[in-house]
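Q: Can you keep this structure in mind? I'll have questions shortly.
2 protein chains.
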Amino acid sequence: MDETPAKPRANDPTIEDVAAAAGVSIRTVSRVLNKSPKVNAQTRERIEDAIAQLNFRPSLRARAFAMRRSFLIGLVHNDRNALVLDSIQRGIVTLTSARGYELIVHAAPLEAEAAIRDLVDFAERSRVDGLVILPPISGVPGLAAALENAQVPAVALSSVPIEGFAGVILSEERTAGAQVARHLLDLGHRRLAIINGPADTASAMERRTGFLAEAARHGGVSVAEAAGDYGFASGVSAAEQLLGAAQRPTGIFAANDIMAAGVLKVAASRGIAVPGDLSVVGFDGSLLTKMLTPALTSVLRPFAEMAAAAADQLIARIEGLAAPLPFQATLQIVAAESTGPAPQ
Amino acid sequence: MDETPAKPRANDPTIEDVAAAAGVSIRTVSRVLNKSPKVNAQTRERIEDAIAQLNFRPSLRARAFAMRRSFLIGLVHNDRNALVLDSIQRGIVTLTSARGYELIVHAAPLEAEAAIRDLVDFAERSRVDGLVILPPISGVPGLAAALENAQVPAVALSSVPIEGFAGVILSEERTAGAQVARHLLDLGHRRLAIINGPADTASAMERRTGFLAEAARHGGVSVAEAAGDYGFASGVSAAEQLLGAAQRPTGIFAANDIMAAGVLKVAASRGIAVPGDLSVVGFDGSLLTKMLTPALTSVLRPFAEMAAAAADQLIARIEGLAAPLPFQATLQIVAAESTGPAPQ
DNA sequence: ATCACCAATGATACCGGTGTCAACGGAATT
DNA sequence: AATTCCGTTGACACCGGTATCATTGGTGAT
């Protein structure tokens, strides 16, 4: 003995046991495991019987080692994704587990340089086969290049194409922003306001662009703007500012559900009825929407589907297969209780 | 060539390169990597230099293969954990990554038999070194035995000791339930109500026991009960039932924040002021509490710490080290805006 | 001086799969 | 009949670490 204590653990059957049981070589068993077509049907059947008999499962570790792949996919998120993390993970896992991959998660810092260092380190340390990266981290400038350099395949969720990322799952944020404006305009609102997301976040800016453009198409509409950072506190202070103004808006679009919750809170504290005096629209279609009072009108982002599409693209890339069709998520505004006709 | 296309990918330095550079054998390099004390200080230094020089990182795959361990820990959750998943994952990851493990996630079905099959399959397929299991799945009868049988070390988060689980991270749900009752009683409430969690969930029942016991200690207090399943809809219907009664309660304790949100919604729709006419207490201290209007008084469960403690225990078990001290989380009620003095 | 002993180190097997390439047998072609 | 070819299969190296055990040189005990 040198160091470290002994290891217990039962001995699982190996490919060799299966080969012996089926009377073939291990290489042929391996072919069956990998669904190679070059195996005689009867031989295959014999081997499959032996596998079932022995309850054999190929060692993922040995397989990973031999193939220089880990069969692990990394999901990079951050605390801004907390409310939708569950659905995203679900979306990815349904796909990855069907393809023989597992999902490993990693929370990354938001600051650009730290994020890049952290992600490269994570990828090298964990030896994932690829990464799915969520916004806003996906938008960090230089990240794509750094991962490319580290030879880590990555797919990003984003609203706009990202320089350097071959695989990006897009969503039509701009159109969605316009949809929100349309919704409020149709309800008769003429004094609108928007609480933006972080200025360096492309998707937030896309929403803004769409919203402002649609509002501008309509004469006699004013739009106030307030800054936000997707955090609840920033939603509250933006709402304080907007609702404290002399001519306060009757319709507010917050760039995410969390900030919209802040607006509801401020409205309540000031005795402003929602939707009687004020309509509020959020963004994300998170769990929050139906739990708030009133239930929040929001733009539903199909996170699970987007994440699944990202994983699909990623695995295709990893395995050198033809890439699936580029996925562009369609966003849909879902009207609930927080929006109504503009007050007289 | 047989099957599958060629693989590109740069060649990382291996332990052999390091050994050559430092003029030693690979075994000695391996000792340095594993922090074995039996290496001469100068030799160690030379090797460490070589490692830094070559920017060598040992292949996790090779290491995992050789040691018959994966250095992966599985987190088993389910959709009931959606709101707190982020903090739990964070808690685990901070600990696991410091110890050289990565976290892989898996959502399990809630139905008992399906959950057991699914978990055993997951553990064998992914070859994790151990599992951290969240409630309510951790309470599935027979799960501990099944995992034991499959030789998968597991640690569970739970409110009560679980038959068969050696490592359980406990939390004082009963005391917490009593704290909630105390809080409401101190505010002068005498007509109380509780919306329970699922009857088969031990922690929910513990909360109930503590709550009822504390209320009973006080003369002249009535407690109405309604069933819930931790879902938002069940919170709404339970609230409808409780608030529609002739003598409606002035203080409601919901067994989780989500159902409490349902109570707030029903109260609003009936014109019942919170906390003026009705006080509401939730449970979990999730993200939701501060986003609701009014902000929800809730019992804070330190999920991140509990999860970290679970991972700590698990790794100790995996590595055959002395188990860290059993962890019992203390729960703290955090008063916010949804509770106030009982109406006259 | 001899030997037992210990700290430090190295040679080599081993983990359980996949990749390469050669071999084999029967059918089709010449 | 000889040759080619293809479908099928197997022998063996290899992936990059760790485990076992032997070896070496120095030190203290006898």
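Those protein sequence lines, which keep their order, are chains L and A. Everything in the first sequence is counted per this note's numbering, starting at 1 for the first residue and increasing by one. Everything in the second sequence is counted per this note's numbering, starting at 1001 for the first residue and increasing by one. Heads up, the beta-carbon is just placed ideally off N, CA and C, and yes, glycines get one too. In this text the structure is predicted, and so the values were computed from the model without any measurement.
According to DSSP, HIS106 (chain L) sits in a beta bridge with which residue or residues?
A: In DSSP, HIS106 (chain L) forms a bridge with L:VAL76.
Q: Of all the options L:MET306, L:GLU319 and L:ILE272, which has the alpha carbon lying nearest to the alpha carbon of PRO358 (chain L)?
A: Since the first residue shown for chain L is 1 and the last is 344, residue 358 (chain L) is missing from the structure and cannot be characterised.
Q: Which of helix, strand or coil does DSSP assign to GLN1332 (chain A)?
A: DSSP places GLN1332 (chain A) in strand when its eight states are reduced to three.
Q: Determine the direct distance from the alpha carbon of ASP12 (chain L) to that of SER171 (chain L), and round the result to whole angstroms.
A: Straight-line Cα distance between these residues: approximately 46 Å.
Q: Is ILE15 (chain L) closer than 7 Å to VAL29 (chain L) when the C-beta atoms are compared?
A: In this structure, ILE15 (chain L) lies closer than 7 Å to VAL29 (chain L) by Cβ.
Q: Along the stretch 272 to 291 of chain L, what residues have a CB closer than 7 Å to any CB found in chain A?
A: Hits within the stretch, in order: LEU287, LEU288, LYS290 and MET291.
Q: Leaving out five residues before and five after ALA311 (chain L) in sequence, what residues of the same chain have Cβ atoms less than 7 Å from its Cβ?
A: Cβ within range, chain order: ILE73, ILE92, LEU95, THR96 and VAL132.
Q: In terms of DSSP beta bridges, what is PHE1253 (chain A) paired with?
A: A:ILE1194 and A:VAL1281.
Q: Going by DSSP, what residues sit across from SER222 (chain L) in a beta bridge?
A: Partner(s): L:ARG191.
Q: How about VAL356 (chain L) and LEU300 (chain L): are their beta carbons less than 7 Å apart?
A: Outside the displayed span of chain L (1 to 344) sits residue 356 (chain L), for which this structure offers no information.
Q: Residue range of the alpha helix (DSSP H) that SER1126 (chain A) falls in?
A: Run containing SER1126 (chain A): 1112 to 1126, per the alpha helix (DSSP H) assignment.
Q: Using three-state DSSP, classify GLU3 (chain L) as helix, strand or coil.
A: Reliability fails at GLU3 (chain L), whose pLDDT of 46 lies under 50, so the model's placement of it is uncertain and the value that follows must be treated cautiously. Of the three classes helix, strand and coil, the one that applies to GLU3 (chain L) here is coil, per DSSP.
Q: Between HIS189 (chain L) and GLY100 (chain L), is the Cβ-Cβ spacing less than 7 Å?
A: Not closer than 7 Å, so no.
Q: Determine, using beta-carbon pairs with one atom in the stretch 259 to 270 of chain L and one in the stretch 232 to 243 of chain L, whether at least three such pairs fall under 8 Å.
A: Contact holds: three or more Cβ-Cβ distances are below 8 Å.
Q: So what's ILE1169 (chain A) in DSSP terms, helix, strand or just coil?
A: Reduced to three states, the DSSP call for ILE1169 (chain A) is strand.
Q: Which residues of chain L have a Cβ atom closer than 9 Å to the Cβ of GLU1111 (chain A), listed in chain order?
A: In chain order: nothing, as chain L lies at least about 17 Å away.
Q: Would you say GLU163 (chain L) reaches chain A, if we count a Cβ-Cβ gap shorter than 7 Å as a contact?
A: No - not a single Cβ of chain A is within 7 Å of the one on GLU163 (chain L).
Q: Pair every Cβ in the stretch 1167 to 1185 of chain A with every Cβ in the stretch 1202 to 1220 of chain A, then say whether three or more of these pairs are closer than 8 Å.
A: Yes: the two stretches touch, three or more of their Cβ pairs being nearer than 8 Å.
Q: Rank A:ARG1046, A:PHE1283 and A:ALA1154 by C-alpha distance to the C-alpha of VAL1120 (chain A) and give the top, closest one.
A: It is A:ALA1154.
Q: For a contact meaning CB atoms closer than 7 Å, what does ASP86 (chain L) contact in chain A?
A: The contacting residues are ASP1079, ALA1082 and LEU1085.
Q: Do you know how far the Cα of GLU225 (chain L) is from the Cα of SER159 (chain L)?
A: Roughly 21 Å separates the two Cα atoms.
Q: Let me check one thing: in DSSP terms, what residues is THR201 (chain L) bridge-paired to?
A: Beta-bridge pairing links THR201 (chain L) to no other residue.
Q: Taking Cβ-Cβ distances shorter than 9 Å, what residues in chain A pair up with PHE65 (chain L)?
A: The answer, in chain order, is SER1059, ARG1061, ALA1062, ALA1064, PHE1065 and ALA1066.
Q: According to DSSP, what are the bridge partners of GLY1130 (chain A)?
A: The partner list for GLY1130 (chain A) (beta bridge, DSSP) reads A:ILE1073.
Q: I'd like to check one pair, ALA307 (chain L) with ASP1086 (chain A): are the Cβ atoms closer than 7 Å?
A: Not a contact, by the Cβ cut-off of 7 Å.
Q: Would a C-beta distance cut-off of 7 Å place PHE283 (chain L) and ALA255 (chain L) closer than the cut-off?
A: Yes, they are a contact pair.
Q: Would you mind telling me which residues of chain L sit closer than 7 Å to LEU1103 (chain A), beta carbon to beta carbon, in chain order?
A: Those within 7 Å of LEU1103 (chain A) in chain L are ILE104 and VAL105.
Q: Is it true that the CB of ARG174 (chain L) sits closer than 7 Å to the CB of GLU359 (chain L)?
A: Because chain L here runs from 1 to 344, residue 359 (chain L) falls outside it and cannot be looked at.
Q: Give a yes or no on whether the C-beta atoms belonging to VAL1168 (chain A) and ALA1156 (chain A) are separated by under 7 Å.
A: It is a contact, given that the beta carbons lie within the stated cut-off.
Q: Name, going along the chain, the residues of the stretch 1134 to 1164 of chain A whose beta-carbon falls closer than 8 Å to a beta-carbon of chain L.
A: Answer in chain order: GLN1151.
Q: Quick one, are the C-beta atoms of ARG27 (chain L) and PHE1065 (chain A) less than 7 Å apart?
A: Not in contact: ARG27 (chain L) and PHE1065 (chain A) (Cβ atoms no closer than 7 Å).
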